[in-house]
Structure formats: structure tokens, C-alpha cells
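Just so you know, the sequences run in chain order A, B, C and D.
When we follow numbering that gives the first Met the number 0, the leftmost residue of the first sequence carries the number 0, and every step to the right adds one.
When we follow numbering that gives the first Met the number 0, the leftmost residue of the second sequence carries the number 0, and every step to the right adds one.
When we follow numbering that gives the first Met the number 0, the leftmost residue of the third sequence carries the number 0, and every step to the right adds one.
When we follow numbering that gives the first Met the number 0, the leftmost residue of the fourth sequence carries the number 0, and every step to the right adds one.
Idealized CB from N, CA, C, for every residue including glycine.
The model shown is predicted, which means the values in this text are computed figures rather than measured ones.
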Amino acid sequence: MMEEKYRVCDIMVCAMARLIPDGSKVFHGVSSHMPMIALLLAKALHAPGAVHLNIPGGTDPDPVRLKKYTSAGPELLERATAYFPLMEVFDLAMRGELDVAFLSGIQFDSRGNVNASVIGDYKKPKVRMPGGAGSAVLIPTAKRAILWRTKHDKRTFVNQVDFVTTRGNVERIITPLCIFKMEHGEMVLETIHPTSSLEEVEENTGFPIKYSNIAYTPLPTKEELSALKRIDPGDFRNIEF
Amino acid sequence: MMEEKYRVCDIMVCAMARLIPDGSKVFHGVSSHMPMIALLLAKALHAPGAVHLNIPGGTDPDPVRLKKYTSAGPELLERATAYFPLMEVFDLAMRGELDVAFLSGIQFDSRGNVNASVIGDYKKPKVRMPGGAGSAVLIPTAKRAILWRTKHDKRTFVNQVDFVTTRGNVERIITPLCIFKMEHGEMVLETIHPTSSLEEVEENTGFPIKYSNIAYTPLPTKEELSALKRIDPGDFRNIEF
Amino acid sequence: MSKIMTLQEAAARIHDGDILGLGGNVLHRAPMAMVRELVRQNKRDLKLVKTAGAMDVDMLCFGGCVSSVDAGFISYESEYSLAGHYRKAVESGTVKGNEHACYTVISALRAASYGVGFMPVKGLVISDLIDANDYFMRVEDPFTKEPVTVVKAIRPDVAVIHVQEADEEGNARITGPLFEDVLFSRAAKRIILTAENIVHGSAFTGSSKKADIPHFLVEAVVRVPKGAAPCSCPGSYDIDGKNLKEFKGLKDLGGLNAYLKAFEKSDYKG
Amino acid sequence: MSKIMTLQEAAARIHDGDILGLGGNVLHRAPMAMVRELVRQNKRDLKLVKTAGAMDVDMLCFGGCVSSVDAGFISYESEYSLAGHYRKAVESGTVKGNEHACYTVISALRAASYGVGFMPVKGLVISDLIDANDYFMRVEDPFTKEPVTVVKAIRPDVAVIHVQEADEEGNARITGPLFEDVLFSRAAKRIILTAENIVHGSAFTGSSKKADIPHFLVEAVVRVPKGAAPCSCPGSYDIDGKNLKEFKGLKDLGGLNAYLKAFEKSDYKG
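Here you go:
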């Protein structure tokens, strides 16, 4: 099943892009090159009417050049139609009108708890993480909360998170090894990337893997890969690896 | 004392203008030609640094031509420095930072109650008035709430208002006959316009007139009258009469 | 996807009983063409929301379309004075006059746009309005334990906003004062735009002044040049005082119908 | 009245113990010159507030100036990664990391700007953050009786905002994303601006794009070209990645002092 020429970052980004339906209102925040590029990819291919919402507030920007260091820069206002900044995106989500939010975290457990805050005691933590940014309010309110994480190991996918930054309404988590999907309050293995295997997923996950059948994440198509090169010539979709 | 050549509208507008200190942040709303012109007059003379705040949101506009029909029109954005619209002016007042608000009402009593709402039952009123606009929240929060009313009779200045749209913190009420000032929770006659008399004030007021001494409102100066002609060539300060 | 439709089609999307937000302020940028069409379509039981209304609210009351008005101020300002139809309708009990401070309308719309059920309001301290209306309540600040008045959210079913420029998808730009219109566009469930001009989307993408209202909040776009007349439309035209006086002189529904009829050609030219 | 002063004078108006709002977002338009001067002036016990901070918060933590950070996210984003000094300061207990969702910072600032003590927040439903922090509380919506989380107002004593253009009275215009800066300018008690350019007031009065921050909210204006560097300043310059890396490589306070010294000429040229 292993396909040498496919990179995990491309598989992940294409998988994220395919989860974006045409016409949906989609938000990504800081430190979010992968969903930003996935969204631009979706808009370039099957979802031209998807609405790109972001922190600087440019609705549907058409940036000349993405930046390596940020997914919240002023280039996201370039050739945008409307100014709809972060606080308005939050409000939109609170009104139940945000279709898709791409978010992350540092620790996840099988019940959809997300930790982006601390390891150890909250007041004097062993590890202080960057923080959940929008997660604590967007995961509960976005119609669909899609998470991604470029680490898949037993410290990331744990039996029980140290701190519940937020819980529930996680739709999927896309990792370098697989895609998890929440079903009836439980994280279920949806597909395994062709670059990985069930064994690898099981070895790197801190909770028992549940699945109904073994399926594989579709590989990026030629069309997707060629669009990716055009959208992301700097290969910023790979910086988290 | 009667000065034939002086008009009540000029006396009132000049009195209002003199109550505006340099540097103060001053708001007027709709149906407010007199305070609008008073503010422009104050800024032209003794208070160049007074800040003109209004509904359309032009901070310190320099309108070419005022309009007869409105004090909330787009001309109040002309040559303004900042955009600071109604909702922000309200917020400013709520934070305790609005220095002067010019407001009105239909009925007033000697304890500083203001009625801009209804005569009779609130649910099925004998008279439905336009409503208090900003009064109910601005009179309690502006540092100084200055009221004006171009009617002075026993139906306007009553013993007890029919409905308390708001109460308290009224600093002064400027009428065609006189200026009332609130002192220790009671409305006291501060000055009588030279065009009127104590008898006229008493005859037209529904509560007993209190005063410590009889003083007269200073007449408009030549400088004020000439500035008024420049600022308000259409004589809109007179439209309420 | 084009959302352009006729005035009649757009008005048909406003239903009897709807909570209806009206853009503009007093005699400025009121959505008059839509207001006229709502009267023509004989709408009933509309619950109007506006900070400071004038001819729009008055005409809908005249037409018998209204069951309540939530507002801080209803009048034509000093020159054209009182809103007689609104006044009579409230005094006769056919319309409920839900008085707000203009700011409590803003606060109620903010609550709706933030997806919450209420908003604390600093300034509403002593007022008979608090006890007279079930949309105000005195509560305790949960942190300071101080008393504070809260206002209930108002989420209009639909808001009608007249803009100078919109593209066919519904991106819209307002010239001059925004009044509460951007807030309405966030607070209401559905937005109908009437526009002086339909522009190409590149008018927004190519400019540093972006659209004030993004297309994804908008359900319908109607081209109506002179859509705010006889009220003003900043940058486009001032009020038509003669027409305002004509309207204010109308005596009965027959007169109103004739008045509305005379606007049809202009309102429908699209 | 001119409010122009030197960076040193303006920084002297920020006092030990102040709640300090920081403009910009992550590596964009952060008020870095002021941040550097606060470290030089050896400020203590600052309580920082920002939705998403990066080098600004990290440097102030490095300099020992901070006692708490209220924020949703503190990191340099993906390329430059974690904020090590902030992290260490929280882990060692010298700085209290008051985690918010970015939106609850916004809501807390909105409450302050509306003059109220708290703000209901729809989305904060299930989270250990609610019980772990005394600035969140679960209450009952007084109208619907449904549970809702409220956040306590945050009213910064002072906010520092770096803008591209300001006049000497303090009217200021921001190019590109506003982030939370306009909100900060309303929520904070006092505002200090640092500006790339000091312009004449006619730059605002003669333009359709008015000032975003009116002068009457502003206490001090400092001219600091490159005042956001090595962070970006939209329309003026991008980040200085080499300098960022140099900062991230600093090992101790001696290194920090030398780093700050090297900026003095640029920061003070006014």
C-alpha cells in the first residue's frame, strides 16, 4: 500500500480540502498553514464558492504570495471582497452560522476531549502550551469542527487528556497516520493513510483503536498536486513536519 | 429689560454654547438643531477644542451647509477627523467619558424627572410621543446632561411627570423663558431671559418657582451673533419656534 | 451565484408576523422602496425594529402592516415633525409601541449578533421603561454583585438595508454613515438588500474600501435606483421635501394607495 | 494640543502593576519599540492582555516585567514556534497564565468598552477553563433561564497600539488588519500610540478613510519608524526573520540587554 512518492503533508492537506463543501463558510486561525492551503485548494477545485474566513479579516482573499511564518498576515486582505475580522468570525460561529472551523490541540482522547492548555496543574503547569486560541468557543459552536495535528504519538492521542480545553462536536481529526472520526461520542478510525498502516496507528495511539472496516485515505490526485504547487509554491504545507 | 431686537432662539443657543467648555466631548442627536448650532458656535469662539459627536459619526465635522430637516445627516461626516458613530458615543457615555449630552423631553418636573414617552397609560397611551432616543441612558451617564425645550408652559413643566423616561443628573434645562438648574435634586430658576420676566416664568410653570436671587441670562454678544450668521445662515436655530 | 431578484420577489420573502429590521436612520437611507412594496403586498403583523425611524415606520403603520415597533425614537425630526400614523396606531392600541433607548436597541442587536440572549446595559438605571417592558430586567452582576439592567436580545427574522452599491452575490458597500446597518446585517437571520447600483465584484476586491456586508450574510439583492427616496441617500440624492409633504398630507388609505401607485414605475424599474 | 513625546516619556506613563493591552496580533503590528522600552525601564508586575501574542509577550516575560498574561494564544506561529520565555515563566510560577479563548478576551474587552462588568459568551460551554479561572462563571440567562457562561470585563489601565499614521493630537489610522486594536482603544482607560509616521490632521479630514482612533481617546503619541520591527507592519515592512532568530537565541538577561541596546538608536530617533 505504501506509495513512496506521496508525502504525508500532501495527503493530509488534500484530505482536509475534500472535507470542504462548495458554498461553506470556513475559518482557519494562526499557525494554520495546512488548513489555509487546504481551503485555497478546495476553492481552486471543487468548492469555488467556499468562503475563506481568517484572522486579519479578508473574506475570500486572493493573496499573491503566502508567507512561511504566518497564517494571519495582511496578505489575507489582498483582493478580498469584504472585511470580516476575527471577532466577527467568532460572532458568526456563536450565531450557529460558521460551517467549518479548522482547529488543533496538543492532546486528544477517544471521547473528543481536546487539550491545548497545560500538562499538569493549571496554576503551575509542567508544560504551558500556547493555548487553544479559538478552540474553546469554536469547537462547540461551529457546525463542523475539523482538527488536525502533525504529531501522532501516545503523548498526543491519550487515554485521558490532562486538561479539557474543550469537548464535543469534534468531527474529525486528521493526523500524519490516519483520519479519526467522531461517531456517537467516540473516536473511530475512518481511514488510514496509504503511507501508514493499522499497526502503526495502533502503536502510536494511547487508546484502543476502533473501526468498522479498514479503509484508506484516497491519495492526492494529479490535479490536486498540480494545484497545490501553484497555490503553495513555497511548500509551506510541509513546515509543521 | 425687554430687548426688542434679541430673539429667544439666539439667546437660547448662545446660552447653550457658553455651557460648553473647551476640550469637552459633546453629543447631540436627532431633532437637535439648537444644540448642534450651539456646539458649532462654541467651537468657533471659546471652545475650539470641544469635540463634536453626533449620530452619523463624523468627529468634528466641518459641514459646508447644514440641513434644515435633519441634525443626523451625512453632512456631519464632511471633513471629520474620525468615524465615531452613535453606538460608540453611547459606549463612551457608558464608560463615563462623555462630558456633555444635549437632550430633550416633553414633560419635566421639579425633581428632574423627564418624560419623553407617553401621556397616559404606557400600553395604550393618550399621547404617544416620539420617544426619548438616547435620553434614558445618556442622562444618567453623561457627566453633564443639558436639556432644552422650546415650549415653556404648564403642560411641559408639570408638578409630576406622567411617565419617568429617566431621572436625575439633569444639569440644566434651557427654555424660551429661562434657565433652570438642578440643585440638590431640585430644579431652581438660574436666570430669566431678558425677553421674559419672573411673572411669565411663574405663570407658565406647573410647579412653584424657587430661586435664590433674580438674575438674567446674558444677551448674545455681537461676536456671537455674527458667528451665528456665518454658521447658520439658514436660521435653522429658529425652526422649533 | 446571483441573488438578484425583483422588488416584488424580495418582498414576498418577508412574511406576516416577521420581526423586521429597517436600515438607515430617520430620513436617511431608509429602505423606502421595500417599505412601499410591503404596503402594496398588504403585509400584516410586522414587528419593526429600528433605533430612530421616521417615514418608513410611519408608512407601514399607515398601511396597517405593523403590530409592534421597538425603537428609541419615531419622528421626522424638526422640519417635518411628528409621525402621525405611528402615533395614532399606538394611541388606538393597534400597534404596540415598545419604547427603547436607542442604545438598548443597539444592545439588543449586539446580543443577537453575539448569539446570546441578553446584554447588560450600563445606563438604564432609573426609568419606568424597565418595569413597563418585559424586555428589560434588573439583575445582579455575577462578579461585582452590583445591580445592572439587562435587555433581551432582538434577532430580526429579516432586515432590509438600502445600500449604494452591491454586487449580484450580495457584497455591499455603504457610502457615508453606516448607522446601525452593519450591526443589523449581523443580528438578523436573513438580509435583503436594495441597492442604488449593482456593481461588479471587482469593485470591492480591487479597492482598499472593502464591502461592509459580505455576500454570505445576504439572501436577496434588488436593484432599485432611488430606493431610499423620498428619504436621502448619501452620495446619491437628498430628500424630496415636496414628496414628503405630499405623503404627510394624505388623509386615508385611498390616498396612500394612489401615492404608492405613483411610485410603481420607479420602484419596479430594477 | 500636541501629545507628541519621546518613547521614554511615554513608557514612563506605564506603571508597575498596570493592566497593559498590547495591539497587533502574533507577529503583526506588535508595539515592539514600546515593549523594548518597558524592559529597559525595568517595569514590574505588568498584567498583559492580548488575544494572540508572540514576541511582545515573550520579551516582557524574558525581562521579568510580567505577573500575568490574559490571552488565547501565545506563540510565534509555525516557523518561529514556541514562546519559550513565556512558557518558562508560567511553568516556574512567576507568571500567571490566564488562559482565555481569544473570543473571551474580545468579549471581556467589549464589556469594558460598553461600561459593563461582564459579557455573556455563547460558545464557552464545556471547558475546564471555566472552573479553573475566576473570570468565568456559569449563570442563568435572566430571560430564557438557560445556562450561559459569562466572562468578567477586562479594562486595561493602558493599551499600547502601533499605527502607521497618527497626527500630533492622536487621531490615528491603521493600514491593513485592525485586529483587536480599535476595540482596545475603546476598552482601555488610557491609550498610548506609537506611529510609523506623524501626519497632518488634514490627512484624515481630507480623506474618505477617517481616523480609526479619535484623538480624544489618546493620551500620548510617539513617532517610532520601525516601531513594530522585527515584527511586521502592514504596508510598511515585513518581519525581520534574522533579528527574530537572534532574539530567540538569546540565553540570558545580559544577552537581552545587549539586544535591546542595539535597538536604542532606532527606537529613540523619534
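A distance below 8 angstroms between beta-carbons, with the five flanking residues on each side excluded, links C:Thr5 to the following residues of its chain, in chain order: Val221, Tyr267 and Gly269. Going by DSSP, A:Arg171 is part of the beta strand (DSSP E) stretching over Val169 to Ile173. Taking 8 angstroms as the cut-off, the Cβ atoms of B:Pro84 and C:Pro233 do not count as close. Check the Cα spacing between A:Gln106 and each of A:Val157, A:Ala92 and A:Lys4: the tightest is with A:Val157. Among the CB atoms of chain B, one or more fall inside 8 angstroms of the CB of D:Met0. Under a 10 Å Cβ-count criterion, A:Ala214 is classified as exposed, with fewer than 16 other Cβ atoms of the shown protein chains found around its own Cβ.
In terms of CA proximity to A:Phe89, D:Cys101 leads the group D:Cys101, D:Phe117 and D:Met136. For A:Ile36, there is no enclosing beta strand (DSSP E); the residue is found in the alpha helix (DSSP H) stretching over His32 to Ala43. With its beta carbon less than 8 angstroms from one in chain C, D:Glu145 belongs to the interface. If the five residues before and after B:Gln159 are omitted, its C-beta is found closer than 7 angstroms to the C-beta atoms of Asp108, all from its own chain and listed in chain order.
Look at D:Pro119: its C-beta is not under 8 angstroms from any C-beta on chain B. Only those residues of the stretch 178–209 of chain A whose C-beta falls short of 7 angstroms from the nearest C-beta of chain C would be listed, and there are none. Within chain D, the residues whose beta carbon sits less than 7 angstroms from that of B:Phe83 are Pro213, listed in sequence order. By the CB criterion at 8 angstroms, A:Tyr68 and D:Leu19 fall outside the cutoff.
At a cut-off of 8 angstroms, the C-beta of C:Val115 has a neighbouring C-beta in chain D. Secondary structure within the stretch 203–229 of chain C: the beta strand (DSSP E) runs of 3 or more consecutive residues, fully enclosed, are 217–222 (chain order).
Apart from sequence neighbours up to five positions away, the residues of its chain that approach D:Lys95 with a beta-carbon distance below 8 angstroms are Ser66, Ser67, Val68 and Val89, ordered along the chain.
Residues of the stretch 157–190 of chain C with a C-beta atom less than 7 angstroms from some C-beta of chain A are Asn170 and Arg185, listed in chain order. In this chain, A:Thr149 is not harboured by any alpha helix (DSSP H), its DSSP state being neither H nor E.
B:Val169 and D:Ser201 have their alpha carbons spaced roughly 37 angstroms apart. In chain order, Thr80 make up the part of chain B whose C-beta sits under 7 angstroms from the C-beta of D:Gly200. Residue pairing for A:Asn112: DSSP places it in a beta bridge opposite A:Arg166.
Taking C:Glu8 as reference, the option from C:Ala171, C:Asp211 and C:Met33 with the minimal CA-CA separation is C:Met33. D:Val157 counts as buried, since at least 16 other C-beta atoms from the protein chains shown sit within 10 angstroms of its C-beta. An exposed status is given to D:Asp133, since fewer than 16 other beta-carbon atoms sit within 10 Å of its beta-carbon. Put simply, the CB of A:Val50 is near chain C, with a gap under 8 angstroms to one of its CB atoms.
The beta carbon of A:Lys125 falls within 8 angstroms of a beta carbon belonging to chain D, placing the residue at that interface. Annotation: D:Phe142 is outside any alpha helix (DSSP H) and is labelled neither H nor E by DSSP. Here the alpha carbon of C:Tyr113 sits roughly 36 angstroms from the alpha carbon of B:Ile118.
Between C:Ile3 and C:Leu37, the C-beta spacing is not below 8 angstroms.
As the crow flies, the alpha-carbon of C:Ile173 is around 15 angstroms from that of C:Glu167. Closest in C-alpha terms to C:Leu45, from the list C:Ser265, C:Cys64 and C:His84, comes C:Cys64. Proximity of the stretch 120–138 of chain D to the stretch 177–186 of chain D falls short of the contact definition, fewer than three beta-carbon pairs being nearer than 8 angstroms.
Non-local beta-carbon contacts of B:Leu137 in its own chain, meaning distances under 8 angstroms to residues more than five positions away in sequence, involve Phe26, Phe89, Ala92, Leu97, Ala100, Leu102 and Ala144 in chain order.
The secondary-structure analysis by DSSP pairs A:Tyr215 across a beta bridge with A:Ile191. When the beta-carbon positions are compared, D:Ala70 and D:Ala53 stay at least 8 angstroms from each other.
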